[in-house]
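Notes follow the structure.
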Amino acid sequence: MKFIFPYQEKNFSIQSLKSSNSHIQESAALMDKYVNSFTLISQELSSGTQALEGIDSVYQTNQHKLSQGKSFLKELHKRNQKNKMMVYGSFFFLIFVVIFIFLRRLFFRDLYKYQWFNSATTTFDTLPSNAEFFLSGQNQQNQFIISDGSL
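In my numbering, the protein residues as written are 33 to 183.
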């Protein structure tokens with residue numbers, strides 16, 4: 033058995049206190065280092081979060097613009113279909129009128145000659161020979177009224 037003197041015991045306890053104190057200081061320094069690194073990490077995370085929020089707002093803006101563009105595109109498509117139908121309708125109406133005029137001039141020359149409204153109209157074939165003299169305005173004294181197509 034060893035005999036420990038009280039002086040040695042004091043040195044031992046002082047040394048153990050010093051070593052514990054240095055361990056505590058090292059642990060405190062290490063904790064400060066980790067706290068600083070956590071602070072840096074939290075700052076980087078917050079800046080990253082802000083960047084992601086900015087990107088999200090840009091995406092939201094683009095999504096809103098895309099939805100507006102989609103609605104405008106649908107409206108333009110409807111207008112395009114309507115305009116296309118109007119153009120086709122106008123073209124076919126024009127073709128119909130041209131064919132009608134062509135057929136009427138070639139094959140149905142006397143189409144309106146014997147209709148019911150022919151009696152109310154007056155042409156120079158049905159007027160007497162002196163009617164040209166009256167219609168030209170050379171004879172202002174003689175006037176005539178055409179009511180049923182005859183003089």
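C-beta: ideal position from N, C-alpha, C; glycine also. Model, not experiment: these values are computed from the prediction.
Alpha-carbon to alpha-carbon, residue j and residue i
{"i": "N150", "j": "F140", "result": "Residue placement at N150 is poorly supported in this model, since its pLDDT is 49, which falls under 50; the coordinates are not used for a value here."}
{"i": "N115", "j": "L108", "result": "10 Å"}
{"i": "I73", "j": "L84", "result": "16 Å"}
{"i": "L105", "j": "N112", "result": "10 Å"}
{"i": "T93", "j": "K65", "result": "42 Å"}
{"i": "A61", "j": "Q82", "result": "31 Å"}
{"i": "L183", "j": "I131", "result": "Summary for L183: the model assigns pLDDT 49, below 50, so the residue's position carries little reliability; its value from the coordinates is reported in the next sentence. Going from the Cα of L183 to the Cα of I131 covers about 38 Å."}
{"i": "G80", "j": "K50", "result": "44 Å"}
Which of helix, strand or coil DSSP assigns to residue i
{"i": "F70", "result": "helix"}
{"i": "F132", "result": "helix"}
{"i": "F196", "result": "Nothing about residue 196 can be reported from this structure: the residues present for the chain run from 33 to 183 only."}
{"i": "L138", "result": "helix"}
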